[in-house]
Structures are given as C-alpha cells and as structure tokens.
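Shown next, in structure tokens, is the structure this report addresses.
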Amino acid sequence: MTAIAQRLRRLDTNLLQLALLTVLIFAGMAALNPERFLRPYVFESITFVAPELGLLAIAMMVAMLTGGIDLSVIGIANLSCILAGLFFHAVGAPRGPDLANLSWPLVAAGIGLALGTGLLAGAINGLLITRLRVTPILATIGTGQVFTGICLVLTGGPAVVGFPKLWGLIGNGTAFGIAVPLIVFLAVAALVWFVLARTAFGITLALIGTNARAAAFAGLRTGRTVFLSYVLTGGLASIAGILLSGRTNAAKSDYGVSYLLQAVLIAVLAGTNPAGGRASVPGIVLALAALMLLSSGLQIMRFSNFLVDLIWGGFLLLSIALAAWRNRTR
Amino acid sequence: MSGIAQAFRRHPELMVAAVLVLTVVTIGLVNPVFWQPSNLFSLLRASVITGILGLAVLLVMLSGGIDVSFPAFAIAAMYLTVKAMIAWGFDSILPAFAMATGIGLLLGLVNAVFVHYLRMIPLIVTLGTGTAVRGFILGVVGTSQINIDQMPPKLIEFGRTQLFSVTQAAGSETGLSAMVLVYAVIALLIHLLLRYTMLGRGIYALGGGEEAARRVGFNIRQTTFLIYGLAGAIAGFAGLLHGAMIWTANPRDMVGLELDVIAAVVLGGASIFGGRGSVIGTILGGLTLVVITNSLIILGIDTTWQRVVVGLIVIAATAATAWRDRKRIA
Chain Z
93 MTAIAQRLRR LDTNLLQLAL LTVLIFAGMA ALNPERFLRP YVFESITFVA PELGLLAIAM
153 MVAMLTGGID LSVIGIANLS CILAGLFFHA VGAPRGPDLA NLSWPLVAAG IGLALGTGLL
213 AGAINGLLIT RLRVTPILAT IGTGQVFTGI CLVLTGGPAV VGFPKLWGLI GNGTAFGIAV
273 PLIVFLAVAA LVWFVLARTA FGITLALIGT NARAAAFAGL RTGRTVFLSY VLTGGLASIA
333 GILLSGRTNA AKSDYGVSYL LQAVLIAVLA GTNPAGGRAS VPGIVLALAA LMLLSSGLQI
393 MRFSNFLVDL IWGGFLLLSI ALAAWRNRTR
Chain C
56 MSGIAQAFRR HPELMVAAVL VLTVVTIGLV NPVFWQPSNL FSLLRASVIT GILGLAVLLV
116 MLSGGIDVSF PAFAIAAMYL TVKAMIAWGF DSILPAFAMA TGIGLLLGLV NAVFVHYLRM
176 IPLIVTLGTG TAVRGFILGV VGTSQINIDQ MPPKLIEFGR TQLFSVTQAA GSETGLSAMV
236 LVYAVIALLI HLLLRYTMLG RGIYALGGGE EAARRVGFNI RQTTFLIYGL AGAIAGFAGL
296 LHGAMIWTAN PRDMVGLELD VIAAVVLGGA SIFGGRGSVI GTILGGLTLV VITNSLIILG
356 IDTTWQRVVV GLIVIAATAA TAWRDRKRIA
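These protein sequence lines are chains Z and C, in that order.
For the first sequence, the working numbering gives the first residue as 93, with consecutive numbering after it.
For the second sequence, the working numbering gives the first residue as 56, with consecutive numbering after it.
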C-alpha cells in the first residue's frame, strides 16, 4: 500500500492535473454534443491532424528547456516542405502521374532534403544564439522572417501543389489501422523523451536551463549543447512540415501560422518552464490530447476560427496563472 | 580613428544615423526619383505609425521584455472607437483619441498583471493577450471593414491635415502630413519621461536588473504597470491615428506588423537585455526600416524579398547590438 502511495507521489502532479484536464474536456464535450462528438470519425481525424502540432510543440519545448524559444519553427517547417515540393516538381513533373508515382529513392531524397533544411536552419539559429550571442527571441524572429521570406521568393506566393503518393502516405496513410502521422509522432516523441531524460545531452540541457552560469562553471560545454538543441528543434520542425504537406498535398509560405501560439500554449500547459530547466514529453502528449479534444469539440459546435483563437489565447493566459499558482508552493 | 570609434560607443544613435544616411545616399544614387518631395513626404508619413508603435516597444524592451500584442491592441482600440463613434454619433477628435488611448491602457494593464504578479515571460504573456484580443475583435465584435463612406468625417479630416505643401518639378502639389507633428510630440514626451523623470529612470534601472533596481529603491510594481500601461495606451492611440490616416477601420489590419516594429526598434540600438536604447535611436531606426522596405520597388527589387530584407535587418542589428554589449554579458 505504501509502495503504491510512494509511486503515486513520485508521479508528477502536473501530469495528473493534465490527465484530469483531458478527461474533463472529453466529458464536457461528450455531454454537450453526445451524438456528434462521440463518433469514431472525430477521434480518427484527430490522429491525423494532431501530430504536426505535437511535433512543433516538442520543438518549442526543446528550445524552452534552455530558457530560449524558437519563433522560426513555422518558417522552418514551411521552407523544408516547399524545398522538397520544388525538388519533386523538378525531378518528376509539375503534375500528373510522373509526379504522383515518383519512385521511393527520390521521395527518400526529398525527405532527406527537408530534414537537412530543418537541421541547417536550426544550426543557423544555434550559431546566432551561441556564437553571436543574440537572444533566442530576436534571433529566431529574424531567421523566421528570412525563412518565410525565402519561401515567398521561391514560390512567389501561391502554394506548391502536388506531392508524390508515397509522400502523401506519410501524412494520410494508415498502417495496422493506425494513422501514419501518429506513428511518426509517437516514435519521435519517444526518441526525444529518451534523449532528454536518459542521455548526458538531455541532462546537460536541463542543467543549462536551470542555471547557465553554474553549468558553465561545472565544466559543461554549454555553447555546443545549446547549439545542438537548436539543430534538434529545426529537425523536429521540418518533420512537422513533412507531415503537414503530406496531409494537405500542398506547401505554402503562410501555412500553419496559428500553430505558433498553439505550440507555445501546449508547451507551457505541459509544464515546460519557459525560463528553462523543466520539460516533459509525456506532458506534451497529454496537453496535445486535451487541446485537440477541445478544438474538435468547438468545431463541432460551429465556433468560428476567431472565437477559437480567443479561446486559445485565454487558455494560454489561464495556464500561465495555473503554473504561477503551482509554483507558489515550491 | 579611435576618436570616431569612441564617439560611436558613447552615442549609439550616431551609428544608426550613419546607417540611415548611407541607406538614403545609396538609394538616391541608384534611383534619383527617391529625392522627389512626394516620395520623401510619403516616407515620413509612412514612418509615423511604425515609429509611434516603436516607442511603445522601446519602453518594454528597455525593461528587458518584449511585446508582440500591440498590433492587436491598436486594432482593437481603433475598431471599437470607430464603431462607438458611429453607433453613438459622436464625431469629435479629442474624445475619440481619449477613448482609443484608454482602451489601449486597459489592455496594457492586463499585460502588466500577468508579467508582474504571475511572473511570466513577457513574450508569452503578450502572445496570449494579443491572440485573445484579436480573436475577440474578429469573433465577437465583427469582421467587416468600415470604409471611408462610413468613417466619422472629423476623423478623416484630421488624418488628412497637412503641415505645408510644395509644388513639385512636374507641377503637381504635394504636402507633408501633420501626423508627423503628432509623432514628434509623442516622441518628445517619451524622451522627457525617460531622461528626466524618476519613473523613466526606473524603466532603465529595471532593465539593468530587477533585484538591483529594487535595492536602489525603485518601486518595481509601479514601474512595470507604467511600462505596460503606457505601451498599451500608445498602441491604442496609434491604432486610431492609423485608421484616421488610411480612412478605413479594418479589424484584420496590422497582422504581422509587430515584426517590422521590433526590427525598427532593434535597428535603433535598443538591446533586449534591457537598459539600453533611446527615443532618438528608435526614431532613426524606424525611419531607416521604412526607407529600406518602401524603396525596394524604386530599387527594382521584387517585393517578395521584403520579408527576407526585414529578417536580415533584425539579425544584423541584434548581432551588432550583442557584439557592442559583449563585455556586459560575459
């Protein structure tokens, strides 16, 4: 009995609160519209839409772990998939069966290109932040503008439409009855959880976030570690871009703009301390589930997108108040 | 040589002024059309709103924070005020601007509550309030644009007031908007506040270090509320001024403007580490940004490059500021 109580006490209270929130939202939405909300289709569509947002939230969390932030994630995601799309149009054809039936090595090359773009973009952020000592907020505001700007210059504004079938499979397909994007998300989330919780790199990141000066005096190579965390953030953002373009079969310079606030919201709600030092991947998964249930419920109740924005903003402020109340006792 | 370097170090505004002169001369050499009075006047006019909003951001950045909510506040104040003017049939300038400023002030105080009492990072607070306010305006108040035929005539009349007009070489007449004078008065007031009052010195002190400022005897709560309240009030005022200048009230206006304004402020030499920056620097930075972004067309550069240019300006300016302040950080 005491062993169970001890185990429960060791479980993060934050995670319990999040689980409670998720259950409450689910119950609330189910009570409000039982016949329209409690349908398999609703939950199935969440498993396709949620992963891209979840990856952006994890990317944001990794940047926040060292007390930074990455406001360029949307720009990175769009640039990655626009470059991949233009690559497919160049090696295949702008449209038609040639493009749709592109062979898997070329699609793999496109994925490599997108991931490489994300890693490189993250490396640029990392260099600005660690070498030139620009604050993360301003560095990533600047690079985010540049990445989005490059998207505009490359496309001239309109979307890049049409991706190979295999690419679409990543965003739309199912394997063993489960949405492929969900599998990608869970695999990446597990990997990031392992890296953050079980490797020297992850522990070092948390230490830097807790007290950068102490970490430096303890002999940790803070610059290199922070640099690598932004490379990781960029890579995660580009995976989100791949899922987004795979699902919608298009890539555009201003896709997913509202995801920025939602990614920050999920990261903060998940118990990430934006001042650094605390992050939790399971928290992200729970917060993502709670918010996706809420947004599907609101959509079913025909709330306008603007009202949903109002609720997101209010929710972010509420979760800040909640975090302040939680930290009060510490 | 070292004399010049020393002068630059002592007066960072000189650096910004040098950049502005260099930009203006270069653009003027490439295309002499730049020197036409109509172009110069329109550039000055275009810098009014960016500049006034820049002063609001300057206040927040001096204290070591950042604000991304002000475009939403400006639009909320403008749209609500114009709607009220039409609904209640009052058409006079002073009450209208008082109302817009008041709305901005109230919204700014909300930011202050979150930043001061709930100890949350200003970026995340203002991301939340900005999104919520924009969602409220579009989702609850309305989405329709108020055009010139419905706008209160006094407001339009005020917005089109000119200081003086000159006859151009081609025979057409062109005038300088009197709004430039409004901008100058606000800038002067903020300059006096920052330089010669204890409240203003408190803002710099807070940016230099909260604990230090408290021990010297500054009232941190009062200073924080002053900063965010004043920033909100300025944003509200600027919003209505913007509406008066373009003769329309569009609730979807100013989306993404925060990036341009932040670019202008960092270009003006303000440091996000707080405690550094001046009104003169911000005015020069705003002017430089407006000159560069508005001159792309007469330079023969496609306007799709605008975002890239703004992003590069942010990166270059912040890197230069970080390099200037490198001894402070180390």
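We put the beta carbon where it would ideally sit given N, CA and C, even for glycine.
By the Cβ criterion, the stretch 263-271 of chain Z is in contact with the stretch 330-347 of chain Z, since at least three pairs of Cβ atoms, one from each stretch, lie closer than 8 Å.
By the neighbour-count criterion, in which 16 or more other beta carbons inside 10 Å mark a residue as buried, C:Met253 falls on the exposed side.
For the C-beta of Z:Ile233, the chain C residues within less than 7 Å are, from N- to C-terminus, Leu314, Ile317 and Val369. C:Ala293 has its alpha-carbon roughly 16 Å from the corresponding atom of C:Thr337.
Z:Gly348 sits close to Z:Glu144, with the two beta carbons spaced by under 9 Å. For secondary structure counted as the alpha helix (DSSP H) over 4 or more consecutive residues, the stretch 143-209 of chain Z holds these complete runs in sequence order: 165-183 and 189-192.
Bridge pairing for Z:Thr266: Z:Ala271 [DSSP]. If you draw a straight line from the Cα of Z:Asn193 to the Cα of C:Leu110, it is about 55 Å long. Counting every other CB atom within 10 Å of its CB across the protein chains shown gives C:Trp378 a total below 16, marking it as exposed.
Rounded to whole angstroms, C:Ile368 and C:Ala374 show a C-alpha spacing of 10 Å. Counting only Cβ-Cβ distances below 8 Å, Z:Asp401 has contacts in chain C at Thr186, Ala187, Arg189, Gly190, Leu193 and Gly194, in chain order. Relative to Z:Ala185, the option among Z:Ile412, Z:Val252 and Z:Leu157 whose CA is nearest is Z:Val252. At a cut-off of 9 Å, the C-beta of C:Tyr172 has a neighbouring C-beta in chain Z. Residue burial annotation: Z:Ile216 is buried, with at least 16 other C-beta atoms found within 10 angstroms of its C-beta. Residues of the stretch 207-228 of chain Z whose Cβ lies closer than 7 Å to any Cβ of chain C, in chain order: Leu220, Leu224, Arg225, Val226 and Thr227.
The stretch 295-359 of chain C is shown to contain whole alpha helix (DSSP H) runs of 4 or more residues at 312-322 and 334-349, in chain order.
Using a Cβ-Cβ cut-off of 7 Å, Z:Thr317 is close to nothing in chain C; its nearest Cβ partner there is about 18 Å away.
In the same chain as Z:Thr291, and ignoring 5 residues on each side of it, no C-beta atom comes closer than 8 Å to its own. By the CB criterion at 9 Å, Z:Leu383 and Z:Leu361 fall inside the cutoff.
Looking only at Z:Ile403, Z:Ala367, Z:Leu414 and Z:Leu390, the smallest Cα-Cα distance to Z:Ala123 is reached by Z:Leu390. The beta carbon of C:Asp122 sits no closer than 9 Å to any beta carbon of chain Z. With a contact defined as Cβ atoms closer than 8 Å, C:Val310 and C:Pro126 qualify at about 7 Å. Under the 9 Å criterion on CB atoms, Z:Phe179 is classed as non-interfacial with respect to chain C. DSSP places C:Val221 within a strand segment (E or B) once states are collapsed to three. For the pair of segments examined, the stretch 97-105 of chain C was found to touch the stretch 332-347 of chain C: the number of CB pairs separated by less than 8 Å reaches three. Between C:Ala374 and chain Z, the shortest Cβ-Cβ separation is below 9 Å.
Sequence-distant partners of Z:Ala149 (beyond 5 residues in either direction) whose C-beta falls short of 6 Å from its own C-beta, in its chain, are Ala355, Ile358, Ala359 and Ile376. Under the Cβ criterion (8 Å, minimum of three pairs), the stretch 160-174 of chain Z counts as touching the stretch 227-241 of chain Z. Of all residues in the stretch 352-364 of chain C, those with a C-beta nearer than 8 Å to a C-beta of chain Z are Asp357, Thr359, Trp360, Gln361, Arg362, Val363 and Val364, reading in chain order. Proximity of chain C to Z:Ser387 at the Cβ level (cut-off 7 Å) is not reached, the minimal Cβ distance being about 13 Å. Within chain Z, no residue has its beta carbon less than 9 Å from that of C:Met70; the closest one is some 17 Å off. Between the alpha carbons of Z:Leu219 and Z:Arg316 lies a distance of about 9 Å. Counting only residues of its own chain and dropping the five nearest sequence neighbours on each side, Z:Ala307 has a CB closer than 8 Å to the CB of Thr296, Leu299, Ile300 and Thr314.
Put simply, the backbone Cα of C:Phe280 is about 10 Å away from that of C:Ala286. Secondary structure of C:Ile203 (DSSP, three-state): coil. Looking at the backbone, the Cα of C:Val170 and that of Z:Ala379 are separated by about 23 Å.
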